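2 protein chains.
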Amino acid sequence: MFDYTDKAALTANKLTADHGIDLSKLPKIDMSTASITEIVHAMNSNCPDERMKFVFKNLVDHLHDFVRETSITTEEWMSALEFLTQTGQGNPSVFDLQPVAQSDSNYPEFKRLSDVLGVSSLVGSMNDAKPPGATEVSDLGPFFADDALEFDNGASIASEGKGDYMWVEGKVLDTKGNPISNCLLHAWEADGHGMYDVQYSPGGSDCRGRLRTTDDGSFCFRAVVPVPYLIPVPSDNPVGQLIVSLGRHTFRPAHLHMMLEAPGFETLVTALYFKGDPFLTSDVVCGVKTSLIVDTTTETDLAVTRARGFVEAKSHQVLKHNFVLATPEECAEARKRSIQ
Amino acid sequence: MFDYTDKAALTANKLTADHGIDLSKLPKIDMSTASITEIVHAMNSNCPDERMKFVFKNLVDHLHDFVRETSITTEEWMSALEFLTQTGQGNPSVFDLQPVAQSDSNYPEFKRLSDVLGVSSLVGSMNDAKPPGATEVSDLGPFFADDALEFDNGASIASEGKGDYMWVEGKVLDTKGNPISNCLLHAWEADGHGMYDVQYSPGGSDCRGRLRTTDDGSFCFRAVVPVPYLIPVPSDNPVGQLIVSLGRHTFRPAHLHMMLEAPGFETLVTALYFKGDPFLTSDVVCGVKTSLIVDTTTETDLAVTRARGFVEAKSHQVLKHNFVLATPEECAEARKRSIQ
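Protein sequence lines correspond, in order, to chains C and V.
In terms of the UniProt record's numbering, the first sequence opens at residue 1 and continues consecutively.
In terms of the UniProt record's numbering, the second sequence opens at residue 1 and continues consecutively.
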């Protein structure tokens, strides 16, 4: 297991000292689609303003009930966020809008608000529900890019110096345990500084790649151990201020994004989180699910480290995880159950 | 009774013919704070899209329940609308906002949305609840101006040619029936074209005035018969499009705005609506209450018409209505009951 007691724990301790946010006091909840409302309540329970805490508990309950009772679709929810954004911008005659298209700074604020209140996670989980045994979904996030380079198995998606070495390997299977060959995997992650390639200027594709499973459904690649990071929401913007007022922080726990595409199966957008990360129960965008938390091991055999192509260290972390894809029919059935 | 069968009824018939909005089919509901949710549902029931109708019924139920269960204050609700507006405007870096300050075109769109979904009316009624027997509140609207001229009783707040003559008279009383003297009344209304003075450019104070009750609590003034009007929401803006999609129209029924201020009593913001108006049950901003619907009579005695100072007509309409003000203590008690 990677030792999150260093930087992340220091940050967590500082949150406690400076802002009274004691992550260790957050209740241990089995994180799933079913418990998302409880998770958001737990995160907001640190709000120092009792009236605000009460109002937001009621608000989150009604918002989530609305989503569940109407089985709102992802498309409908996106339309609603677009409608709210336009409404905030008032009559075209009132404001002269000049959108600046660049990086994540134009991540729509209403999407951010939806993330923070757990609605994005709920809508995503309901609409992309998976059958028992299949890998669950997590949020796509704003940093996906569909033009990542394609790598051979065993190659590194990260350039040298981007962070602590991590070897990722596993299989892609169907719900009956059969291997899925030629599955296209997209992997992308923040580097050891908690930054995605697209956040650097000038940037270049890094810590990001595509590869395909072999005949027995296997894949393996070199990457870096991702670290928790602050989402780029300025504290003087409305959602940033809300997060602070609710007694929350803007950290996301470390995660490795994955998207898996295979003919005959529904595309899976997911992410893996890491055991021991202090931010697992307080993810600002409510993306963590217990089933997606993995543990890593430390490979100390120098020969293995060298053989895998890691040249600058004596050891490396190993993340072993199998993904299970479901067919459109299986997913349709799961969706039907999730929205009833 | 003023004959609303002319212009207003023609418009109502046109709504039926052109848009399938049959106002006569709207259920007859006793309009009050208690029935506001039912009123909004009735208005939205004409929505041609069954899915949208279902989603908005659920949304309005949850929104109103949220407001009721949290006893949201007017100040909190205004903060929420301001927060949503800022969220829609995104990061300051994303949009270069240049507010244009003029007339009603910068009426905040989120306030408009709140009006259309009945939330403004609900929040206002809860927070400005009045005891039994006292005059109920209605919305202030965006056209109030606190610099209206002060008139003597009997004078006209409207210049010649602004519409059909209307004589307004009554008394201001406390809840025990005692007259309140020296009560400051503000009256303002749209003219016979459905336009407020501030909507004309260049404008000038018209159909607007202040006066004070005499020793026996009486007041009287000359005005014009207001007519139903379209609120200025462009059909290509988000809330305008929503109204159309919900199968609704953007008319407000005719009304005379009144604000009453007297030492020792809580200020009352209200409006009077008119019996026979085809838009009473489908007010786009959900402001009507049954207790505020008045009937007018026609005064055909030419001598009376002339004596009251109406020089250009053989008859005029007469609106007789008493207002009942409550003390802060009585209102506090009523508020307590309304939010439990």
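Glycine included, each C-beta is placed from N, C-alpha and C at the ideal position.
Keep in mind that this is a model prediction, so the values were computed, not measured.
> Nearest to C/Asp283 by CA position, among C/Ser138, C/Asn182 and C/Arg335, is which residue?
Replying inline: In the first sequence, residue 283 of chain C corresponds to position 283, counting from 1. Selected option, being the one with the closest Cα: C/Ser138.
> How long is the line joining the alpha carbons of V/Gly264 and V/Glu136, rounded to whole angstroms?
Replying inline: By one-based count along the second sequence, residue 264 of chain V stands at place 264. By one-based count along the second sequence, residue 136 of chain V stands at place 136. Each residue's Cα considered, the two are about 18 Å apart.
> How many Å lie between V/Arg210 and V/Lys314 at the Cα?
Replying inline: Here residue 210 of chain V refers to the residue found at position 210 when the second sequence is read from its first residue. Here residue 314 of chain V refers to the residue found at position 314 when the second sequence is read from its first residue. Distance between the alpha carbons of V/Arg210 and V/Lys314 is about 27 Å.
> Name the chain V residues that come within less than 9 Å of C/Phe110, Cβ to Cβ?
Replying inline: As a position in the first sequence, residue 110 of chain C is number 110, starting the count at 1. What C/Phe110 touches in chain V: Leu84, Thr87, Gly88 and Gly90.
> Of the choices V/Ser235, V/Lys275, V/Asn13 and V/Leu122, whose alpha-carbon is the least far from that of V/Ser71?
Replying inline: By one-based count along the second sequence, residue 71 of chain V stands at place 71. Closest option to V/Ser71, Cα to Cα, is V/Leu122.
> Three-state secondary structure (DSSP) at V/Ala9?
Replying inline: Position 9 of the second sequence holds residue 9 of chain V. Three-state result, V/Ala9: helix.
> Does any C-beta atom of chain C lie closer than 8 Å to the C-beta of V/His41?
Replying inline: On the second sequence, position 41 is the one that residue 41 of chain V refers to. No, its Cβ sits nowhere closer than 8 Å to a Cβ of chain C.
> When the Cα of C/Met52 is compared with those of V/Gly133, V/Val60, V/Phe54 and V/Thr73, which residue comes out closest?
Replying inline: The residue labelled residue 52 of chain C in the question sits at position 52 within the first sequence. Considering only alpha carbons, the answer is V/Thr73.
>> Quick check on C/Gly194: buried or exposed, where buried means 16 or more other Cβ atoms within 10 Å of its Cβ?
In response: To locate residue 194 of chain C, count along the first sequence from 1; it is residue 194. Buried is the call here.
> Shortest alpha-carbon distance to V/Ala307 belongs to which of V/Thr85, V/Ser45, V/Gly154 and V/Lys176?
Replying inline: As a first step, residue 307 of chain V must be located in the second sequence, where it is residue number 307. Measuring from the Cα of V/Ala307, the nearest candidate turns out to be V/Gly154.
> Which residues, taken in chain order from the segment 57-79 of chain V, show a beta carbon closer than 8 Å to some beta carbon of chain C?
Replying inline: Asn58, Leu59, His62, Leu63, Asp65, Phe66, Glu69, Thr70, Ile72 and Glu76
> Along chain C, in chain order, which residues have C-beta atoms closer than 8 Å to that of V/Phe54?
Replying inline: The residue given as residue 54 of chain V occupies position 54 in the second sequence. Near V/Phe54 (Cβ distances below 8 Å), the residues of chain C are Thr70.
> Between the C-alpha atoms of C/Gly88 and C/Leu113, what's the straight-line distance to the nearest angstrom?
Replying inline: Residue numbering aside, residue 88 of chain C sits at position 88 when the first sequence is read from its first letter. Residue numbering aside, residue 113 of chain C sits at position 113 when the first sequence is read from its first letter. Answer to the nearest angstrom: the Cα atoms are 13 Å apart.
>> Excluding the 5 residues flanking C/Glu333 on each side, which residues of the same chain have their C-beta closer than 7 Å to its C-beta?
In response: Your numbering for residue 333 of chain C matches position 333 in the first sequence. For C/Glu333, where only same-chain residues beyond five positions count, the Cβ hits under 7 Å are Pro131.
> Under the rule that 16 or more other beta-carbon atoms within 10 Å means buried, what is C/Glu266, buried or exposed?
Replying inline: Start at 1 with the first residue of the first sequence, and residue 266 of chain C comes out as number 266. C/Glu266 should be labelled buried.
> Between the segment 167-185 of chain V and the segment 234-250 of chain V, do three or more beta carbon pairs fall short of 8 Å?
Replying inline: no
>> Given a cut-off of 8 Å on the beta-carbon distance, is the pair C/Leu260 and C/Phe323 in contact?
In response: For the purposes of this step, residue 260 of chain C is identified with residue 260 of the first sequence, where counting begins at 1. For the purposes of this step, residue 323 of chain C is identified with residue 323 of the first sequence, where counting begins at 1. Cβ distance < 8 Å, so C/Leu260 and C/Phe323 count as in contact.
>> Please tell me whether C/Leu113 has its Cβ less than 8 Å away from any Cβ of chain V.
In response: Here the question's residue 113 of chain C lines up with position 113 in the first sequence. Yes, contact with chain V.
>> Can you give me the C-alpha to C-alpha distance between V/Cys183 and V/Leu325, rounded to a whole angstrom?
In response: Taking the first residue of the second sequence as 1, we reach residue 183 of chain V at position 183. Taking the first residue of the second sequence as 1, we reach residue 325 of chain V at position 325. So the alpha carbons of these two residues sit roughly 10 Å apart.
>> Cβ closer than 8 Å: which chain V residues qualify as neighbours of C/Thr239?
In response: On the first sequence, position 239 is the one that residue 239 of chain C refers to. Here the sequence assigns Val to residue 239 of chain C, which means Thr is not the residue at that position. Within 8 Å Cβ-Cβ: Thr87.
> Where does V/Glu160 sit, in a helix, a strand or coil, going by DSSP?
Replying inline: Along the second sequence, read from residue 1 onward, the residue named residue 160 of chain V stands at position 160. Correct three-state label for V/Glu160: coil.
>> I believe V/Lys226 touches V/Phe251 by the beta-carbon criterion, under 8 Å. Please report the beta-carbon distance rounded to the nearest angstrom.
In response: Taking the second sequence and counting its residues from 1, one reaches residue 226 of chain V at position 226. Taking the second sequence and counting its residues from 1, one reaches residue 251 of chain V at position 251. Before going on, a small fix: residue 226 of chain V reads as Pro here, not Lys. Actually they do not touch by this definition, with Cβ atoms about 13 Å apart.
>> Does V/Gly203 pass the burial test, meaning 16 or more other C-beta atoms within 10 Å, or should it be called exposed?
In response: Against the second sequence, residue 203 of chain V aligns to sequence position 203. Exposed, because fewer than 16 other Cβ atoms sit within 10 Å of the Cβ of V/Gly203.
> Span of the alpha helix (DSSP H) holding C/Phe54?
Replying inline: Position 54 of the first sequence holds residue 54 of chain C. Start and end: Glu50 to Thr70.
>> Between the segment 22-30 of chain C and the segment 42-60 of chain C, can you find at least three pairs of beta-carbon atoms closer than 8 Å?
In response: yes
>> One question on the structure: do C/Leu272 and C/Met258 come within less than 8 Å of each other, judged by their Cβ atoms?
In response: Here residue 272 of chain C is taken as the residue at index 272 of the first sequence, counted from 1. Here residue 258 of chain C is taken as the residue at index 258 of the first sequence, counted from 1. In this structure, C/Met258 lies closer than 8 Å to C/Leu272 by Cβ.
> Short check: CB of V/Ala158 to CB of V/Asp206, under 8 Å?
Replying inline: Residue mapping note: residue 158 of chain V aligns to position 158 of the second sequence, counting from 1. Residue mapping note: residue 206 of chain V aligns to position 206 of the second sequence, counting from 1. Contact: yes.
> Can you name, in chain order, every residue of its own chain whose Cβ lies under 6 Å from the Cβ of V/Gly118, other than the five neighbours on each side?
Replying inline: What you label residue 118 of chain V is simply residue 118 of the second sequence in a count that begins at 1. Around V/Gly118: Ile36, Val40 and Cys286.
>> Within 8 Å of any Cβ in chain V, is that where the Cβ of C/Lys336 sits?
In response: Residue numbering aside, residue 336 of chain C sits at position 336 when the first sequence is read from its first letter. No, no contact with chain V.
>> Checking 8 Å against the spacing of the C-beta atoms, do V/Lys275 and V/Val294 come in under that value?
In response: Here residue 275 of chain V corresponds to residue number 275 of the second sequence, with the count starting at 1. Here residue 294 of chain V corresponds to residue number 294 of the second sequence, with the count starting at 1. Yes, the pair counts as a contact, with Cβ atoms nearer than the cut-off.
> Of the choices V/Glu76, V/Ala8, V/Asp174 and V/Leu15, whose alpha-carbon is the least far from that of V/Glu329?
Replying inline: Here residue 329 of chain V refers to the residue found at position 329 when the second sequence is read from its first residue. For the residues V/Glu76, V/Ala8, V/Asp174 and V/Leu15, the minimum Cα distance to V/Glu329 belongs to V/Asp174.
>> Can you tell me whether V/Leu149 is buried or exposed? The criterion is at least 16 other CB atoms within 10 Å of its CB, across all chains shown.
In response: Here the question's residue 149 of chain V lines up with position 149 in the second sequence. V/Leu149 comes out exposed.
> To the nearest whole angstrom, what separates the beta carbons of C/Gly124 and C/Val172, a pair I think is in contact under 8 Å?
Replying inline: Working through the first sequence from its first residue, we reach residue 124 of chain C at position 124. Working through the first sequence from its first residue, we reach residue 172 of chain C at position 172. The pair is not a contact, with the Cβ atoms about 21 Å apart (cut-off 8 Å).
> Buried or exposed: where does C/Arg248 fall if 16 or more other Cβ atoms within 10 Å of its Cβ makes it buried?
Replying inline: Position 248 of the first sequence, counted from the first residue, corresponds to residue 248 of chain C. With 16 or more other Cβ atoms within 10 Å, it is buried.
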